[in-house]
Amino acid sequence: MNERNEEMNRDLKNNKIRILFGILSVDVHTRASIVITSALRNAGMEVIYLGFRLTAKMIASIAEQESPDVICLSTHQGFHTQLFPVLVEELKNRNIDIPIVAGGNIQEKEKIMLESIGITGNFGSGTPIDLIIDHIKQRAMEKNI
Amino acid sequence: MNNEKKKREERADTLKTEQTLAGILPQEVYEKEDIASFEDEIGRVAQYPFTRGRFPRGYRQKLWLKQQAFGFISAEESNKYLKFLVEKGLQELRFSPDTFNLAAVDPDHPMVQGTLGFVGIPVYSIHQMETVLNGIDLHKVYVDFNGAVTVDDALKYCMLLGVAERRGMDVKDLRGAMVNDPLHAYGFETNSTPFNFEVPWKLTLDSIEYSAEHTPHWHPVVPCGYNMSENGITCIQELAYILSIRMEYIDACIAKGVQFNKVGPGIPLEFACEIDFFETICKIRAARRMWAKISKERYHAQTVKEMTAPCSVQMAGSSMIKNQPMFNIIRLTSEAISAVLAGVQAIQLVGFDEPLAIISYDGGLINAGIEEIVAHETGIPLVVDPLGGSYYVEWLTKKIEDDAWKIIHEIEELGGFRKAIEKGHIQTQVQKSAIERQERISKKNIIKVCENEFNELAEEDIPIRTLDYANQRENINKIMNAYHQFIDGRDKKTVKEALLKLRTTARSGGNVIEPIKNAYKADATIGETAGVLNEAMGYGYDPFGMIEKPEYLKW
Numbered sequence: 005m006n007e008r009n010e011e012m013n014r015d016l017k018n019n020k021i022r023i024l025f026g027i028l029s030v031d032v033h034t035r036a037s038i039v040i041t042s043a044l045r046n047a048g049m050e051v052i053y054l055g056f057r058l059t060a061k062m063i064a065s066i067a068e069q070e071s072p073d074v075i076c077l078s079t080h081q082g083f084h085t086q087l088f089p090v091l092v093e094e095l096k097n098r099n100i101d102i103p104i105v106a107g108g109n110i111q112e113k114e115k116i117m118l119e120s121i122g123i124t125g126n127f128g129s130g131t132p133i134d135l136i137i138d139h140i141k142q143r144a145m146e147k148n149i
Numbered sequence: 028m029n030n031e032k033k034k035r036e037e038r039a040d041t042l043k044t045e046q047t048l049a050g051i052l053p054q055e056v057y058e059k060e061d062i063a064s065f066e067d068e069i070g071r072v073a074q075y076p077f078t079r080g081r082f083p084r085g086y087r088q089k090l091w092l093k094q095q096a097f098g099f100i101s102a103e104e105s106n107k108y109l110k111f112l113v114e115k116g117l118q119e120l121r122f123s124p125d126t127f128n129l130a131a132v133d134p135d136h137p138m139v140q141g142t143l144g145f146v147g148i149p150v151y152s153i154h155q156m157e158t159v160l161n162g163i164d165l166h167k168v169y170v171d172f173n174g175a176v177t178v179d180d181a182l183k184y185c186m187l188l189g190v191a192e193r194r195g196m197d198v199k200d201l202r203g204a205m206v207n208d209p210l211h212a213y214g215f216e217t218n219s220t221p222f223n224f225e226v227p228w229k230l231t232l233d234s235i236e237y238s239a240e241h242t243p244h245w246h247p248v249v250p251c252g253y254n255m256s257e258n259g260i261t262c263i264q265e266l267a268y269i270l271s272i273r274m275e276y277i278d279a280c281i282a283k284g285v286q287f288n289k290v291g292p293g294i295p296l297e298f299a300c301e302i303d304f305f306e307t308i309c310k311i312r313a314a315r316r317m318w319a320k321i322s323k324e325r326y327h328a329q330t331v332k333e334m335t336a337p338c339s340v341q342m343a344g345s346s347m348i349k350n351q352p353m354f355n356i357i358r359l360t361s362e363a364i365s366a367v368l369a370g371v372q373a374i375q376l377v378g379f380d381e382p383l384a385i386i387s388y389d390g391g392l393i394n395a396g397i398e399e400i401v402a403h404e405t406g407i408p409l410v411v412d413p414l415g416g417s418y419y420v421e422w423l424t425k426k427i428e429d430d431a432w433k434i435i436h437e438i439e440e441l442g443g444f445r446k447a448i449e450k451g452h453i454q455t456q457v458q459k460s461a462i463e464r465q466e467r468i469s470k471k472n473i474i475k476v477c478e479n480e481f482n483e484l485a486e487e488d489i490p491i492r493t494l495d496y497a498n499q500r501e502n503i504n505k506i507m508n509a510y511h512q513f514i515d516g517r518d519k520k521t522v523k524e525a526l527l528k529l530r531t532t533a534r535s536g537g538n539v540i541e542p543i544k545n546a547y548k549a550d551a552t553i554g555e556t557a558g559v560l561n562e563a564m565g566y567g568y569d570p571f572g573m574i575e576k577p578e579y580l581k582w
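Protein chains in written order, with the numbering used here: chain A, 5 to 149; chain B, 28 to 582.
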């Protein structure tokens, strides 16, 4: 684990990981986003924070323009089961292949569905932030290999 | 196993943290001399400055109101749950808003696609409001709207007025409250709709003005410490912000010509009830004293009613922990006891299953049980302010008060809460606090059992029954079909005429509550009333700028 982290950190120095971070629809629960985007920046990543009031189309368009390494989604209000698959589809339609990492109020049984469409992490409240950072780094590395 | 036992023994020896949740470092012991310099300020029960409470007989005179949030899936399902809660003795029912309600648009708006019924009651017209309240005697319950982050509360208030009128009820008998507080929503950047601030601000001031005249038992604005606290600020910031916001509304209403004695007493103080036992108690005791001083010195209050404000609490959702959620029942009980010791007028428990989903039937039942056990078995409510005079409680009350005054003075120097938002001050403070709180959790400076410590206790989760959303796609289709049928089946001419009256009133600067109520009675929707108001105030029909105004509303 440590070796892999060192390797990731070496790569980071040369090439900053770019994150697109957003919350779909009008889910106004932003506390986790504030905390996590701050931690990602402290970990050397570049974060484009979109806030909330977003549709899947909006996120896909911005992803198309910005080419981030990872898209991070935060969710609190439960409708991720409906909205995340729409985003995955929207990206697919535009031939955009960017890993998606999610976190928030996600139930155990929903994780299986989300992972089946390529959305990973699916961290619940109380997850240590280092774990989230490591996972995002890993997904970014996989994309860039 | 032996290692585990040894670990547990070691753990029992010392505290893991010596700070309060707000980061205060108390001494190990407090003595008489620690409170000697301000002992006179404490006062007596039911006397200025009301540190110890307003009512001489406390809970023997009147118990706290038992509040409960409710609402999910559909208006019909929410009505079932509402009846369940009323049957279990809960008296103040807080409508959870659905996403499109939070956004103040209709359910077919592109911003809210796929979200129907997940977080609250889908109410797009007066008919859903009637369905939710079907079979409920509005004379017997308190209705409460806590959309909080947009214009939703004020719009639902207008709808409720319409429902009451249709039932032939005198609206003067309506009892309840609504958060309806754009200041905290904009300050905390949680305004769900990108309205220009002037739009929700107008609706809030208009509803305060209207309520003062027509619904005397209704609290038209409730500065909501709960929402603020859940963004990661300390109890000291929460207290300072609530009082600053309260002053901002009162000043604005006085400027509008409403007398202080009409508006001041009608604005309660709603706090978060966090897990730190003594902080909650002392924060609320400090709030009573601070408000008494403000009302007397700033507004020249004369009567007890003017110098006091009802205080309520909502248990902090963020204090509920996902791992081993049954432990949250213990947290809720501890929080409820602290609220009762503080002497609040209303308590809302969140669901023990809060970190997993919307509160379940089990959650509602457990909350009703906690409230009745604390009220009737423990003996805690027998005596007014039973911790008054405790050296530590009095010291901590004073400490929280002094620190909150500093923040209030800072905000005053910036020109008040609204100006502090315009200058970005509040937003910066909130972000800073949220990050600091998380750092303290990561460093185990704040302990969360089964989250950052004692994780071995979460090895085997006790199964719980959360609500089932498996059929939500089907529900969404059902709600959307009903919505389209309703839109197509209305008399659009009547709708247009009612909305035109709203437009004319808004353009002339008049109070819009009555015309919005009439628009709902004429079958206008949430999205239409918000859109027409927004347009009349010069900002375009769709606050999101995503849809065109419907043809039938072209003037």
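No residue lacks a Cβ here, since even glycine has one placed at the ideal position from N, Cα and C. Here the structure is a predicted model, which means the values were calculated and not measured.
Can you give the beta carbon distance from residue i to residue j, rounded, assuming they're within the 8 Å contact cut?
i: valine 168/B; j: valine 159/B; result: Actually they do not touch by this definition, with Cβ atoms about 12 Å apart.
i: leucine 210/B; j: isoleucine 272/B; result: 5 Å
i: glutamine 499/B; j: glycine 80/B; result: Contact flag wrong, Cβ pair sits at about 45 Å.
i: glycine 108/A; j: threonine 79/A; result: 4 Å
i: glutamate 119/B; j: lysine 89/B; result: With a Cβ gap of about 13 Å, glutamate 119/B and lysine 89/B do not count as contacting.
i: tyrosine 108/B; j: tyrosine 418/B; result: Contact flag wrong, Cβ pair sits at about 45 Å.
i: isoleucine 148/B; j: phenylalanine 122/B; result: 6 Å
i: alanine 43/A; j: isoleucine 137/A; result: 6 Å
Please confirm whether residue i and residue j have their CB atoms less than 7 Å apart.
i: histidine 154/B; j: arginine 202/B; result: no
i: aspartate 133/B; j: glycine 536/B; result: no
i: alanine 67/A; j: leucine 118/A; result: no
i: cysteine 477/B; j: isoleucine 348/B; result: yes
i: proline 221/B; j: proline 570/B; result: yes
i: alanine 204/B; j: leucine 266/B; result: no
i: methionine 353/B; j: isoleucine 489/B; result: yes
i: alanine 461/B; j: asparagine 258/B; result: yes
i: valine 30/A; j: alanine 131/B; result: no
i: methionine 156/B; j: valine 206/B; result: no
i: threonine 307/B; j: phenylalanine 77/B; result: no
i: threonine 556/B; j: alanine 563/B; result: no
By Cβ distance below 6 Å, which residues in the same chain neighbour residue i in space, the five residues on each side in sequence not counted?
i: serine 238/B; result: Trp245 and Pro247
i: methionine 5/A; result: Residue placement at methionine 5/A cannot be trusted, given a pLDDT of 43 that sits under 50; what the coordinates show is reported in the next sentence. No residues qualify anywhere along the chain.
i: valine 411/B; result: Val72, Gly80 and Gly85
i: alanine 431/B; result: Ile263, Leu266 and Ala267
i: phenylalanine 224/B; result: Tyr213
i: lysine 548/B; result: Gly189
Find the residues of chain B that neighbour residue i, judging by a C-beta separation of less than 9 Å, and give them in chain order.
i: serine 42/A; result: Gln458, Ala461, Ile462 and Gln465
i: arginine 57/A; result: Ala130, Met138, Ser219, Thr220, Pro221 and Phe571
i: arginine 45/A; result: Those within 9 Å of arginine 45/A in chain B number zero; the least Cβ separation is about 11 Å.
i: valine 90/A; result: Gln140 and Gly141
i: serine 120/A; result: Those within 9 Å of serine 120/A in chain B number zero; the least Cβ separation is about 16 Å.
i: threonine 34/A; result: Phe215, Glu216, Thr217, Asn258 and Ala461
i: leucine 87/A; result: Gln140, Gly141 and Thr142
i: glutamine 69/A; result: The contacting residues do not exist; glutamine 69/A stays about 19 Å from chain B at best.
Which one or two residues does DSSP pair with residue i in a beta bridge?
i: serine 78/A; result: Gly107/A
i: cysteine 300/B; result: Met342/B
i: glycine 55/A; result: Gly26/A
i: glycine 203/B; result: Val170/B and Trp245/B
i: arginine 121/B; result: Ala96/B and Asp171/B
i: glutamine 375/B; result: Gln94/B and Gln341/B
i: isoleucine 123/A; result: Ile104/A
i: cysteine 251/B; result: Glu297/B
i: glutamate 50/A; result: Arg22/A
i: valine 476/B; result: Glu480/B
Report all residues from its chain with a CB closer than 7 Å to the CB of residue i; omit the five preceding and five following residues, and keep chain order.
i: glutamate 94/A; result: Ala60, Lys61 and Ala64
Which same chain residues end up closer than 8 Å to residue i when comparing Cβ atoms and leaving out the 5 residues on each side of it in sequence?
i: glycine 588/B; result: The shown model of chain B, from 28 to 582, leaves out residue 588/B, and the question about it has no answer.
i: lysine 20/A; result: Gly48, Met49 and Glu50
i: threonine 41/B; result: none
i: arginine 517/B; result: Asp550
i: isoleucine 407/B; result: Ile364, Val367, Leu368, Val401 and Pro413
List the residues of chain B whose Cβ lies closer than 7 Å to the Cβ of residue i, in chain order.
i: asparagine 99/A; result: Ordered by position in chain B, no residue passes the 7 Å Cβ test against asparagine 99/A, which lies about 23 Å from the chain.
Just to check, is the beta-carbon of residue i closer than 6 Å to a non-hydrogen atom of the ligand NAD?
i: aspartate 31/A; result: This structure lacks the ligand NAD, and indeed carries no ligand of any kind.
Which residues in chain A sit within 7 Å of residue i, going by Cβ to Cβ distance?
i: serine 101/B; result: By Cβ distance, chain A contributes nothing, its closest Cβ being about 15 Å from serine 101/B, past 7 Å.
Output, in chain order, the set of chain A residues within a Cβ distance shorter than 9 Å of residue i.
i: asparagine 350/B; result: Gly128 and Gly130
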